[in-house]
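These notes concern the structure reproduced below.
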Amino acid sequence: MAKSIVQEFTKGLWQEIPPFRLVLGLCPTLGVTTSVENGLGMGLATTFVLAGSNILISLLRNIIPAKVRIACFIIIIATFVIIVEHLMQAYTYQLFQTLGVFIPLIVVNCIVLGRAEAFASKNGILPSTADGLGIGVGYTLSLGALGAVREILGNGTLTIWGDLGFNLASVFPSFQPFTFMVQAPGAFIGLGLMLCAINAIGD
Amino acid sequence: MNDMIKMVVVLTILSSVSGGLLASVHDGTKAQIENQQLKFVKGPAIKTILKGSTNDPITDRFKIQDGDVERSFFVGKIDGKANTIAFESFGKGFGGDIGVMIGVNLDEDKLVGVSVTTHSETPGLGAKAKEDPSFSAQFKSLSTNDSIKVTNDGGSINAISGATITSRAVCDTVGKSLETYKKIKPQLAEQIKAF
Amino acid sequence: MFNQKKFVVSHAPFWHDGSSLSTRHYHIMLAAIPAVIPGFIQYGGRAVAVVCFSIATAMIWEMVVNKIAKLPVSIGDGNAALIGLLLAMMIPATTPWWTVLVGTLIAVVIGKQIFGGLGANPFNPVMVAMAILSLSWKGIFDFNEALLSYDFDFTMAYPLSSLKAFGPDAISSFSMTDLLMGRQTGGIGSTCGIAIIIGGLYLIARGFIRWEISVSFLGGVFVTALLFAMFGEEGKYAGPIFHLFTGYTLIGAFYLATEDASSPVNFIPMLIYGAGCGIMTILIRNIGAYVDGVVLSILLMNLANPLIDKIRPKALGKVVEK
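Those sequence lines, one after another, are chains S, R and G. For the first sequence, position 46 matches number 46 in the numbering used here, and the numbering has no gaps at all. For the second sequence, position 188 matches number 391 in the numbering used here, and the numbering has no gaps at all. For the third sequence, position 152 matches number 550 in the numbering used here, and the numbering has no gaps at all.
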């Protein structure tokens with residue numbers, strides 16, 4: 001029954017990778033993944049909230065009364081979200097501006113509340129930390145992957161924090177960006193195709 | 204009954220701890236956020252208003268207590284003389300607060316420029332106040348004694364079509380800023396000598 | 399044990415005219431040939447290459463998907479080839495090869511196979527591909543820009559772009575006979591009105607497509623355009639005949655809106671569906687931002703198709719509640 005800490009961590013990377021296996025947290029997945037950078041930034045912010053709230057909730061799991069647990073979870077999650085919002089505003093202002101309303105919306109991301117309710121409130125602090133980090137890293141990687149697919153097809157570029165820049169036009173000079181992919185319907189089709197691929201690969 | 208008390212106690216403690224934590228985070232990041240906003244939002248606005256200044260207006264700034272609010276003033280040296288200041292004030296727009304940065308020449312009592320910084324107006328209509336340079340250009344070189352109004356209200360500013368409320372709000376805010384300017388002009392003149 | 403052969407009851411439609419899927423599709427392709435030939439003559443080798451490449455890649459994609467999904471290879475039913483042909487008929491002859499490749503990929507894979515293959519697609523695959531392509535690469539599908547290198551003895555502007563940009567005064571130089579005879583710029587197989595009509599009539603006569611959809615489509619276009627011309631602002635809207643013979647109207651009415659899986663099967667729904675496409679086309683052309691509305695209007699009505707197909711005759715032998 002009791003899985004090792006490593007297992008708790010790695011399950012978030014493949015078996016329960018959030019947008020693809022759990023199909024949760026789709027709102028930011030579709031909304032912000034117009035570039036790798038946005039996807040990774042959003043994922044990291046969510047990871048911070050997930051890990052923080054998982055740790056705190058598993059610490060307090062015996063104190064929080066069952067009847068008001070959702071209210072307590074939301075207070076904890078909201079606190080972390082506001083912290084992350086302030087920190088991003090202070091240190092990564094441009095990313096904060098492009099992500100915009102999706103940062104405060106982490107509060108209602110079902111992954112965070114889902115992990116709190118389904119995992120952290122029933123498990124000890126170490127497994128909960130591993131679970132939160134694992135799911136968070138998995139989420140970050142999936143957003144980054146979807147962002148990469150959309151950015152490279154739809155814009156022909158791949159930019160991570162301005163340092164690692166890649167331009168498809170330098171390899172194929174006649175490349176014309178497939179603009180559809182960075183528009184909203186492109187997000188749905190991109191996500192659908194990635195879900196399809198992940199399911200085809202299987203466990 | 205015991206349960207009830209426990210619930211109340213736990214929720215109260217959680218909320219107050221969270222509130223305290225957030226307050227300290229807010230205080231801790233306040234200066235940094237202000238810096239970032241200066242760099243990415245107000246910075247470009249100041250640069251356009253104080254175009255041609257030889258110094259860096261963002262570092263050459265000072266603060267003056269005006270009633271309850273503390274305002275930041277940015278000094279621009281145009282033609283080698285520090286005679287222009289820019290500052291921001293807020294007014295009520297159609298969708299929320301509008302931040303308007305104005306630049307005034309102290310020697311001539313003239314507006315050198317107006318620029319909208321932060322706003323939540325309707326994209327495509329009110330948002331043009333920020334995006335359309337021809338709207339803000341109308342304020343340029345008006346005297347500080349002119350009353351700033353849209354043409355519908357008997358003024359000289361052509362409102363953005365479809366966004367009368369936003370246009371009015373920008374005019375009102377500019378007018379209010381000018382009032383402030385007139386009120387504290389002696390102080391400004393005193394401070395600006397330092398640059 | 400009681401062993402009886404079971405009756406297999408399938409749901410409507412029960413229509414069967416004896417033809418198989420492949421004869422259907424090959425007949426539709428046959429009927430499209432008169433419309434494609436003028437395109438070949440006008441645009442030369444480029445057009446032939448685009449059409450051949452489009453048909454070939456559509457079939458290849460179909461086979462690739464069949465292989466990946468471990469299904470029997472279904473290129474024999476001719477549907478992939480038909481999709482390739484129809485897509486090629488709508489695009490300009492100068493379309494680069496990779497755009498055609500992406501177009502057939504979208505049509506066959508995203509438009510059709512993802513939903514479960516032929517008969518399960520909620521949208522017309524060709525329309526899905528056209529919509530995505532023209533959203534992504536506006537320059538390639540802007541006929542004025544695309545056909546710049548050709549020089550014909552008739553007006554070289556795409557009629558609908560002229561109408562959108564300069565109003566109906568600009569289109570007085572197009573004579574209606576010229577438009578009908580295909581003396582206009584446009585997609586490879588979508589300009590020669592008379593040939594499309596002949597092909598369409600053949601298909602209707604043979605029962606491969608339903609006249610209700612085509613007629614109500616054209617009726618919808620005609621009536622809406624007429625209303626706009628009569629009651630709209632003076633000198634702002636073009637007349638109904640112009641709308642009938644330009645853009646994708648005719649190819650839409652005869653080949654695209656009539657696609658089997660995405661159009662209704664009952665009489666009244668078919669009329670509503672066709673008329674809806676026609677009305678929407680003119681609304682998009684006259685009020686909307688896009689130059690031609692056929693692609694989007696057919697997609698929209700495809701979306702409404704399950705709903706309007708609910709209008710159906712009362713089932714016989716049902717207990718009537720008092």
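Ideal Cβ placement from N, Cα and C applies to all residues, glycine included.
Contact with chain S by residue i, beta-carbon distance below 8 Å
{"i": "R/Ile288", "result": "no"}
{"i": "G/Ile696", "result": "no"}
{"i": "R/Leu214", "result": "yes"}
{"i": "R/Asn205", "result": "no"}
{"i": "G/Ile706", "result": "no"}
{"i": "R/Thr218", "result": "Residue identity check: residue 218 of chain R is Ser in the sequence provided, not Thr. Closer than 8 Å: yes."}
{"i": "R/Met210", "result": "yes"}
{"i": "R/Ile236", "result": "yes"}
{"i": "G/Ile709", "result": "no"}
{"i": "R/Gln239", "result": "yes"}
{"i": "G/Met399", "result": "The predicted position of G/Met399 is uncertain, since its pLDDT is 49 and thus under 50; a value taken from the coordinates is nonetheless stated next. Cβ-Cβ to chain S under 8 Å: no for G/Met399."}
{"i": "G/Ile508", "result": "yes"}
{"i": "R/Leu224", "result": "yes"}
{"i": "R/Val303", "result": "no"}
{"i": "G/Met461", "result": "no"}
{"i": "R/Val228", "result": "yes"}
{"i": "R/Phe297", "result": "no"}
{"i": "R/Phe243", "result": "yes"}
Any C-beta of chain G under 8 Å from that of residue i
{"i": "S/Ile152", "result": "no"}
{"i": "S/Ile189", "result": "yes"}
{"i": "S/Met1", "result": "With a pLDDT of 41 at S/Met1, under the threshold of 50, the modelled position of this residue cannot be trusted, and the question is left open."}
Neighbour list for residue i in chain S, Cβ cutoff strictly below 7 Å
{"i": "G/Ser534", "result": "Phe178, Thr179, Phe180"}
{"i": "G/Ile682", "result": "Correct list: empty, because the minimum Cβ distance to chain S is about 18 Å."}
Where residue i falls: helix, strand or coil (DSSP)
{"i": "S/Thr157", "result": "strand"}
{"i": "R/Lys280", "result": "strand"}
{"i": "R/Gly306", "result": "strand"}
{"i": "R/Val315", "result": "strand"}
{"i": "R/Val272", "result": "strand"}
{"i": "G/Thr492", "result": "coil"}
{"i": "R/Asp300", "result": "strand"}
{"i": "S/Asn247", "result": "With chain S covering 1 to 203 only, the question about residue 247 of chain S has no answer from this structure."}
{"i": "S/Thr34", "result": "coil"}
{"i": "R/Ala285", "result": "strand"}
{"i": "S/Gly43", "result": "helix"}
{"i": "R/Ser292", "result": "strand"}
{"i": "S/Met1", "result": "The pLDDT assigned to S/Met1 is 41, lower than 50, so where the model puts this residue is not dependable; a value taken from the coordinates is nonetheless given after this. Coil."}
{"i": "G/Val471", "result": "coil"}
{"i": "G/Ile435", "result": "helix"}
{"i": "R/Lys266", "result": "strand"}
Where residue i meets chain S, residues with beta-carbon distance less than 8 Å
{"i": "R/Ser221", "result": "Ile75, Ile76, Ala78, Thr79"}
{"i": "R/Thr232", "result": "His86, Leu87, Gln89, Ala90"}
Chain R within 8 Å of residue i, Cβ atoms only
{"i": "S/Gln183", "result": "no"}
{"i": "S/Ile103", "result": "no"}
{"i": "S/Ile125", "result": "no"}
{"i": "S/Gln94", "result": "yes"}
{"i": "S/Ile111", "result": "no"}
Partner residues on chain S for residue i, Cβ-Cβ distance less than 9 Å
{"i": "R/His322", "result": "Here the premise fails: no neighbours, minimum Cβ distance about 14 Å."}
{"i": "R/Gln394", "result": "The contacting residues do not exist; R/Gln394 stays about 28 Å from chain S at best."}
Residue i: contacting residues in chain R (beta-carbon distance under 7 Å)
{"i": "S/Ile106", "result": "Going along chain R, no residue has its Cβ under 7 Å from S/Ile106, so there is no contact; the nearest lies around 15 Å."}
Closer than 8 Å at the beta carbon, the chain R residues around residue i
{"i": "S/Tyr139", "result": "Under the 8 Å cutoff, chain R gives no residues; its nearest Cβ is about 23 Å from S/Tyr139."}
Contact test: residue i Cβ vs the ligand MG heavy atom, cutoff 7 Å
{"i": "G/Ser420", "result": "This structure simply doesn't include the ligand MG, nor any ligand for that matter."}
Inset, instruction - May I ask you to verify whether the segment 542-558 of chain G touches the segment 607-622 of chain G, counting CB pairs closer than 8 Å and requiring at least 3? - result: No, the segment 542-558 of chain G is not in contact with the segment 607-622 of chain G.
Inset, instruction - With 7 Å as the limit, tell me which residues of the segment 519-543 of chain G have their beta carbon closer than that to any beta carbon of chain B; keep them in chain order. - result: Looking for chain B here will not work: the only protein chains present are S, R and G.
Inset, instruction - Would you check if there are 3 or more beta carbon pairs closer than 8 Å linking the segment 647-661 of chain G to the segment 588-605 of chain G? - result: Enough Cβ pairs lie closer than 8 Å, so yes.
Inset, instruction - Pull out every residue of the segment 47-75 of chain S whose Cβ sits closer than 7 Å to any Cβ of chain R, in chain order. - result: So the close ones are Ile63, Ile64, Pro65, Lys67, Val68, Ala71, Cys72, Ile75.
Inset, instruction - Taking only beta carbons into account, state which residues of the segment 480-501 of chain G come closer than 9 Å to chain S, listed in chain order. - result: Residues of the segment 480-501 of chain G with a C-beta less than 9 Å from any C-beta of chain S: Pro494, Trp496, Thr497, Val500, listed in chain order.
Inset, instruction - Spell out a yes or no on whether the segment 634-652 of chain G and the segment 570-578 of chain G are touching, meaning 3 or more CB-CB pairs, one atom from each, closer than 8 Å. - result: Taking 8 Å as the limit for Cβ pairs, the verdict is that the segment 570-578 of chain G does touch the segment 634-652 of chain G.
Legend entry - Stretch-stretch touch, CB-based, cutoff 8 Å, three pairs: the segment 666-674 of chain G with the segment 497-504 of chain G: The answer is no - the segment 497-504 of chain G does not touch the segment 666-674 of chain G, with fewer than three Cβ pairs under 8 Å.
Legend entry - Cβ contact check for the segment 435-449 of chain G and the segment 382-394 of chain R: 3 or more pairs under 8 Å: Output reads no: the segment 382-394 of chain R does not touch the segment 435-449 of chain G.
Legend entry - Meets three-Cβ-pair contact criterion under 8 Å: the segment 78-93 of chain S and the segment 144-154 of chain S: No: the two stretches stay apart, fewer than three of their Cβ pairs being nearer than 8 Å.
Legend entry - Members of the segment 325-345 of chain R that neighbour chain S once the beta carbon cut-off is set at 8 Å: Against chain S - using a Cβ distance shorter than 8 Å - the segment 325-345 of chain R contributes no residues.
Legend entry - the segment 121-141 of chain S / the segment 44-52 of chain S touching (three or more Cβ pairs under 8 Å): The segment 44-52 of chain S and the segment 121-141 of chain S touch, with three or more beta-carbon pairs separated by less than 8 Å.
Legend entry - the segment 417-437 of chain G / the segment 458-477 of chain G touching (three or more Cβ pairs under 8 Å): These segments touch.
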